[in-house]
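Accompanying notes for the structure given below.
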Amino acid sequence: MRVMVMTKGDAADEGKAEPTQEMFEKMQAFNEQLVDAGILRGGEGLKPSSAGAQVSFSTAGTSVVDGPFTESKEVIAGFWIWEVSSLAEATEWARQCPFDPSYGNSQVLEIRPLFEMEDFAGTVGAETLAESAALQKRASD
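My numbering applies: residue 4 is where the sequence shown begins, and numbers increase by one.
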């Protein structure tokens, strides 16, 4: 099963801390463990929301709001894509992630399973699923 692991922090602390050499090395070592275990499929850190935008859709239309997103209590600071055997395995790996208190008092790793094409087999036609799988493969090449 594939999961997305999102690193979340307090929006009030966003952009106030830079990673130290020590923390960067700890995170690098953790990522190396994930690679050696064969579960890391991708991941990146994200710039602060002040460098981003939100696009909102409603029946009234589409709107764009430039960051920072001051109404947010939590912000996503980065993510990984892992391939694991279960949510329990992902949770065990997440428990080993280094914690950096310079980024605030609260950091959260949220783990969410990704949908796989077979999850839609009961509601989406086989041809559409095959086209979607081919598109995903093309995007990853």
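Backbone N, C-alpha and C fix where the C-beta goes; we use that ideal spot for every residue, glycine too.
Leaving out the 5 sequence neighbours to the left and right, which residues in its chain are closer than 8 Å to A124 when beta-carbon positions are compared?
L132
DSSP state of F82 mapped onto helix, strand, coil
strand
Our contact map puts G12 next to Q110 with C-beta atoms below 8 Å; I'd like the distance itself, whole angstroms only.
5 Å
Would you report the Cα separation of G64 and Q57, rounded to the nearest angstrom?
14 Å
From the DSSP output, which residues share a beta bridge with A56?
D69
What is the DSSP secondary structure of M9, counted as helix, strand or coil?
strand
Contact defined as beta carbons within less than 8 Å: I believe P101 pairs with F33. What is the distance between those atoms, to the nearest angstrom?
6 Å
One question on the structure: do L37 and G81 come within less than 7 Å of each other, judged by their Cβ atoms?
no
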